[in-house]
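**Q** Chains as they are written, first to last, in the working numbering: chain A, 6 to 330; chain B, 6 to 330; chain C, 42 to 378; chain D, 42 to 378.
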Amino acid sequence: MAQLTYREAVAAGIAQEMERDETVAFIGEDVARAGGVFKATVGLFDKFGPKRVIDTPISEQAILGAAMGAAMTGMRPIAEIMFSDFLAVCWDFVANEMSKSRYMSDGQLKCPLVVRTGNGGGSRFGAQHSQSIENWAMAIPGIKVVAPSTPADVKGLLAASVRDEDPVIFFEHKSLYAIKGEVPEGEHVDTLGTAKVVRPGKDATIVALALMVPRAVQAADKLMTDHGIDVEVVDIRTLVPLDMKTISNSVIKTGRLFTVEENPRLCGWGAEIVSIVVDELFWDLDGPAVRITTPHIPLPAADNLEDITIPSVDRIYSKILEVLR
Amino acid sequence: MAQLTYREAVAAGIAQEMERDETVAFIGEDVARAGGVFKATVGLFDKFGPKRVIDTPISEQAILGAAMGAAMTGMRPIAEIMFSDFLAVCWDFVANEMSKSRYMSDGQLKCPLVVRTGNGGGSRFGAQHSQSIENWAMAIPGIKVVAPSTPADVKGLLAASVRDEDPVIFFEHKSLYAIKGEVPEGEHVDTLGTAKVVRPGKDATIVALALMVPRAVQAADKLMTDHGIDVEVVDIRTLVPLDMKTISNSVIKTGRLFTVEENPRLCGWGAEIVSIVVDELFWDLDGPAVRITTPHIPLPAADNLEDITIPSVDRIYSKILEVLR
Amino acid sequence: MAKKKTLKNNDIDEKKRLELYNSQYLIRVAEQRAYDLFLENLVKGTSHLSLGQEAIAAGFATAMQENDKSFCTYRGHAHTLARGASVVGVLGELMQRDCGLMRGKGGSMHLTDTSKGVMGSYAIIGAHLPMAVGSAWRAQYMGHDDVATVFFGDGTTNIGAFHEALNYAVVYKLPVIFVCENNNYMEYTPIESITAVKNPAADRASAYGLDSIIIDGNDADEVYRTAQVAYSKARSGDGPSLIECKTYRQSGHSRADPGAYRPDGELDHWKKNNDPITRYRSRLIEFGVKQKTIDGIEASVKKLVDEATEEAKNSPVPPEEILTTNVYANGGWAWRN
Amino acid sequence: MAKKKTLKNNDIDEKKRLELYNSQYLIRVAEQRAYDLFLENLVKGTSHLSLGQEAIAAGFATAMQENDKSFCTYRGHAHTLARGASVVGVLGELMQRDCGLMRGKGGSMHLTDTSKGVMGSYAIIGAHLPMAVGSAWRAQYMGHDDVATVFFGDGTTNIGAFHEALNYAVVYKLPVIFVCENNNYMEYTPIESITAVKNPAADRASAYGLDSIIIDGNDADEVYRTAQVAYSKARSGDGPSLIECKTYRQSGHSRADPGAYRPDGELDHWKKNNDPITRYRSRLIEFGVKQKTIDGIEASVKKLVDEATEEAKNSPVPPEEILTTNVYANGGWAWRN
Ligand SMILES: Cc1ncc(C[n+]2csc(CCOP(=O)(O)OP(=O)(O)O)c2C)c(N)n1
Ligand SMILES: Cc1ncc(C[n+]2csc(CCOP(=O)(O)OP(=O)(O)O)c2C)c(N)n1
Ligand SMILES: [Mg+2]
Ligand SMILES: [Mg+2]
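1) Which of the three DSSP states is assigned to Cys-95(B) in this structure?
2) Given Leu-286(A), which residues of its chain have a CB within under 8 angstroms of its CB, disregarding the five upstream and five downstream residues?
3) Out of Ser-282(C), Gly-300(C), Gln-106(C), which has the shortest C-alpha to C-alpha gap to Arg-290(C)?
4) Using a Cβ-Cβ cut-off of 8 angstroms, state whether Tyr-11(A) counts as contacting chain C.
5) For the stretch 306-327 of chain B, list every residue whose C-beta sits within 7 angstroms of some C-beta in chain C, in sequence order.
6) Lys-46(D) CB to nearest chain C CB: under 8 angstroms?
7) Taking DSSP as the reference, what is the three-state secondary structure of Gln-8(A)?
8) At the 8 angstroms Cβ level, is Leu-271(A) part of the contact set with chain B, yes or no?
9) Can you tell which of Ile-281(A), Asp-284(A), Ser-135(A), Ile-315(A) has the C-alpha that lies nearest to the C-alpha of Ile-297(A)?
10) For Met-42(D), would you say it is in contact with chain A, using Cβ-to-Cβ distances shorter than 8 angstroms as the test?
11) Confirm the yes/no value for this check: CB of Asp-431(D), any heavy atom of ligand 4, distance under 7 angstroms.
12) I need the boundaries of the beta strand (DSSP E) containing Ala-340(D), first residue and last residue.
13) Starting from Asp-240(A), trace the beta strand (DSSP E) both ways and give me its first and last residue.
14) Just to confirm, does Thr-8(C) get its C-beta within under 7 angstroms of one of the non-hydrogen atoms of ligand 1?
15) Rounded to whole angstroms, what's the CA-CA distance from Trp-114(D) to Asp-260(D)? Just pull it up for me.
16) Do Lys-146(C) and Ile-326(C) have their C-beta atoms closer together than 8 angstroms?
17) If you draw a straight line from the alpha carbon of Gly-70(B) to that of Gln-137(D), how long is it in whole angstroms?
18) If we count Cβ pairs, one from each stretch, closer than 8 angstroms, do we get three or more for the stretch 161-174 of chain A versus the stretch 125-132 of chain A?
19) So with Cβ pairs under 8 angstroms, would you call Thr-114(C) a contact of chain B?
20) For Asp-60(B) versus Ala-37(B), is the C-beta distance shorter than 8 angstroms?
21) Using 10 angstroms around the beta-carbon of Trp-288(A), count the other beta-carbons present and answer buried if the total reaches 16, otherwise exposed.
22) Is Ala-123(D) near ligand 5, going by C-beta to nearest heavy atom under 7 angstroms?
23) Taking the beta strand (DSSP E) that His-178(B) belongs to, which residues open and close that run?
24) Just to confirm, does Ala-164(C) get its C-beta within under 7 angstroms of one of the non-hydrogen atoms of ligand 1?
25) Cβ atoms of Ala-152(A) and Val-194(A): under 8 angstroms apart, would you say?
26) Closer than 7 angstroms, Cβ to Cβ, to anything on chain C: give me those residues from the stretch 37-56 of chain B, in chain order.
27) If you follow the beta strand (DSSP E) that Thr-251(B) is part of, which residue opens it and which one closes it?
28) Can you tell me whether Glu-307(C) is helix, strand or coil according to DSSP?
29) Looking at Ile-241(A) and Ala-225(A), is the spacing between their C-beta atoms short of 8 angstroms?
30) Between the beta-carbon of Ile-63(A) and the beta-carbon of Val-99(A), is there less than 8 angstroms?
31) Looking only at DSSP bridge pairs, what is Asn-343(A) linked to?
32) Can you tell me whether Glu-24(A) is helix, strand or coil according to DSSP?
33) So, are the CB atoms of Val-217(C) and Ala-177(C) less than 8 angstroms apart?
34) How about Gly-125(C): is its C-beta nearer than 8 angstroms to some C-beta of chain A?
35) Roughly how far, in whole angstroms, is the beta-carbon of Phe-219(C) from the beta-carbon of Leu-283(C), given that I think they are within contact range, below 8 angstroms?
36) Sort Gly-18(A), Ile-184(A), Met-229(A) by Cα distance to Gly-161(A) and report the nearest one.
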């Protein structure tokens, strides 16, 4: 096991796959010579050179389109969209093109590519550089959606995404880039569509993603310490494919469901999971399923305001306490 | 009362507002001289001339940006994005700009504009011209979202949208353009954020939108006739602001909730409504809340396939019967 | 005069000429058939015909190598047929039958036949330009010798993706040919009324450091010749070309368009004086091709289209089971376990 | 030599010159202060300074009418200050205090002061170009005499919205000025390495039927003069201008950028030989302005910024209640009843 930061795990994951497969190349704005604005791709340019690690113009549509055209014809490109907010300027390629070309061509076309992007708040960047938009991606049929919470998952799920035959949107959380964690030595490949119980419990289930996972775990620990409430925390890891088995098993066991989402409230992924549970496990529920989300507002820049916007350990803790009491 | 088609109601609504307010102007592709590809804006160019009814280049970003800049500085523009699928090419303006500028400027900037767009399936146009994407819009804080199901609502809600101080995304359903209905004579202005009980009932609630409303009503009638099951149908009409009062009152009365959505399953608006009901009215529910949606797939072109994709009267009927029995 | 033309055109041999004619004629007959089938209510949804624009599809396709890649718009029947896709597959798709190229799942606007290098038809203006750039990147990266060609209309030059694709292709010197078919109109709006320059593609070439190229898009020989130059440039590693082909759409924009926006006489003028098929037929005769040979081509094309029509009519509609196939690479649509 | 310059520059009177200097100097001092405050950890989030680019903001703002509208990027402190926005409001916003222009809700990248015609700063590349076009449409439509000016960088010329905005503005002949500040870099990548033409804005002007205009963006007089011509053209109904200003960013791209991508000596060269403030100070002296006058301006600017800094430091953080205000026009955020 090696200790890597989340950002180092990104570079390690890309490097592992580029070494293994000549058809993997990496494009994006300021990603090559400068190593990316989040320094998540430092070293790749030196290792693989300008043919495989490429600085592009500020042309997000061209970036995703180029990745798509290359993927259709035999490559496995990785494209970076610097901040996930910018997916809005090339949304057509996500929502209408890479996601639909296989279906529209009845299987003739393929798009094995990965779009990596910096997602989420906490950096005081304001409304256009802080969003969590994993729910936008989840709403689009035909793509896969991944959002890891640990360095090991970054490397393993990124490798799995590169090897996947479908287009994958890979959300890296900006506020997690600095965290450290154990990552297995040598080749490490994980499996898309598998959630993980990261804290077992029996009284209630929290389903969380990315930055919300460590917060949910902390809140759960505190609920145990303070009130003896034993909460199970499930890290979804990939929204599509969705590991409903793990979620359902947990809810069947605990009888209570909480989701903790960083995306703003309306049509968030938590709503989807709640709606599935309510349809399929209604009689297993011992009480309301409750969503804890960023309120349905644009994100403010000021630190004190941002901190009360995104679900915090305290908010998760208090809400669960309030509901379960 | 006049009999108008849904498409005539669009032109009537725009004309009413343009006559009333000099600052209302209308832009879009092929909307002026040709009257729009759906013929929903026929006559406006002749009536108001080239200064106020303007054919634009194929530049969706420029169209929404121009509408925004004009709205910020004193106009109340209406912009057409021909098919709602094309909102993906200018999504930045919806998701990051018009929706956030008021908040980011702490109220200094305003965006009183309407984006009209042809939404929904049934025309055998295939995956890139048939989508229902009202859930994409609902997921964005800072905009309002309207989707009428009758000619009267088209006119009244369009007028209300033009007069609203916030940016409104106005979804017209392509498969409803040809339907006829009574529209009040003279000035007609409705209210955003008000749902309507279009068929009262006591055994279950269906919440539906746009094309799904007439289908839900038909299914409800048939359930009554065939099985004496008395289903209440709520036409949401506007997703934001959301009239939860009307929905909640209905669910409290009936104890059962079904949503009928044309958007593909994941993160649809039905999930949001279900999640609110399950949180707030859990103990009023007599059984699972069930969503009836387009499956989570791109839309096929072939008529026989498209017909089994979008929720039909039969599917609504059978699903409700299956669940309630 | 005839002499001069002979000289001017003697770079193209008779075999190629007949190929070019065959290709144009096939497109003409198949597109007319599509229109007839629409009137019979057998073509569902929408469809966008290339009547009057056949020379462009034929000229480029004839100049392509087998491994070259085409990227088309919703107005892509012509380009798909010109690459040799089956007529049954094309008409079947328009009729949304099981024999269609995509078994009815894509429809008229999304014709795809990767076995012929037709990497799809795209219905959102501009999107396929960056995709063609990506295919060219792959060719350069992997050392393949194929070139990507992307066809689009005059109206498409005003959308952002056009600009991004052109700049990107030039920056990395990629083997991609951008073909603008300027048929004077976007849907119903004259292109000059909503474009800052007279020649929407050619007048922008310099913004990407490219040569300004304008050709007669209704002259298959000129198209073919220009295409050859562009392919050889691209294959030599000298980067992209942007070619504006002047042409005219003789049909409506899409199936139900009455064309009320056309000035009086404009359509007639083009049909009578500048129809690519009529012009090419005369040229063949001028160059000594026997009427019998021409008649033979025409007869065989008609037979092919007639037979394809029958076959497509007899094909069943797609089975319901395929509704949920090929959403994901595992063949299915499951978004959950 | 001095004589010649006098002649060349005698169209600008001393009063205007001092205004131009004052404006540039204010930007310089305020931006340096922002940097110092960042080092003190009092500026949160990110911030993008215009050190070295002051002449452009100053030159344009000085040529504007009061009712003209500015549209800025994340690198918009300079343009906001140049229009006369309060220094407390700007520094307060960077420090995310209640006294900030937007009470901390927007932050450094979104400075807005509509009372001064600053219609916002936008942080998604390209988006504000179409917005400026829209403001110009409103002016034309309502018969107002204001002009919209939109500032953006060299890197922005490669995104789709640039292309759409330019074409749209020219088609309708709208009173909007597109100002490209070419500082040689997008973030860390040299602009020439990812752009098809040498002058990313000017070499594209002809693609929109516009004149190619390149100016020395570090000469406030040249900027001011060019701006005057463009405003009078726009106000006469003669449509948009696209102006490429050559300049250099002396600071990092954003707060934490060490600038490792700069070739050795490049930064020093620009600082020593082509700093707009140093150049302009020399020119003032050359033109007979007394050192005392210059010192007076500098002292008063410093005082202004010092006082503003103190005031901002003493301002509280924004109250939690405003988190949910001004999402919708009714002042609140309710998405349901
Ligand atoms: C992004 C987008 N905007 C608008 C449309 C609707 N539309 C379809 S075809 C067309 C006109 C295209 O004109 P042109 O590029 O000249 O091609 P032509 O149809 O003449 O071949 C338009 C506006 C679209 N499909 N996509
Ligand atoms: C659509 C989009 N893509 C990428 C970015 C990230 N980004 C912020 S500034 C910048 C460089 C902009 O370069 P330029 O236009 O030259 O302006 P400068 O920063 O030099 O003033 C980039 C790529 C962004 N904000 N928006
Ligand atoms: Mg055209
Ligand atoms: Mg720059």
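For glycine and all other residues, C-beta sits at the position ideal for the given N, C-alpha and C. Computed from a predicted structure; not experimentally measured.
**A** Put simply:
1) helix
2) Ser-253, Val-256, Ile-257
3) Gly-300(C)
4) no
5) Ala-306, Ala-307, Asp-308, Asn-309, Leu-310, Ile-313, Thr-314
6) Residue placement at Lys-46(D) cannot be trusted, given a pLDDT of 47 that sits under 50; what the coordinates show is reported in the next sentence. No, Lys-46(D) does not count as interfacial toward chain C.
7) strand
8) yes
9) Ile-315(A)
10) Unreliable placement is indicated for Met-42(D), whose pLDDT of 37 sits below 50; the coordinate value is still reported in the next sentence. Chain A contact via Cβ: absent.
11) Residue numbering for chain D in the displayed model covers 42 to 378; residue 431(D) lies beyond these limits and cannot be assessed.
12) Looking at the DSSP string, Ala-340(D) is not in any beta strand (DSSP E); the run it does join, the alpha helix (DSSP H), is 332-355.
13) 236-240
14) Given a span of 42 to 378 for chain C in the structure shown, any question on residue 8(C) remains unanswerable.
15) According to the sequence displayed, residue 114(D) carries Thr and not Trp. Their backbone Cα atoms lie some 21 angstroms apart in a straight line.
16) no
17) 28 angstroms
18) no
19) no
20) yes
21) exposed
22) Because ligand 5 does not appear in the structure shown, any question about it cannot be addressed here, the ligands present being ligand 1, ligand 2, ligand 3 and ligand 4.
23) 173-178
24) yes
25) no
26) Arg-38, Ala-39, Val-42
27) No beta strand (DSSP E) holds Thr-251(B); the alpha helix (DSSP H) holding it covers 249-259.
28) helix
29) no
30) no
31) Look at the range of chain A in this structure, 6 to 330, and you will see that residue 343(A) is not part of it.
32) helix
33) yes
34) no
35) 4 angstroms
36) Gly-18(A)
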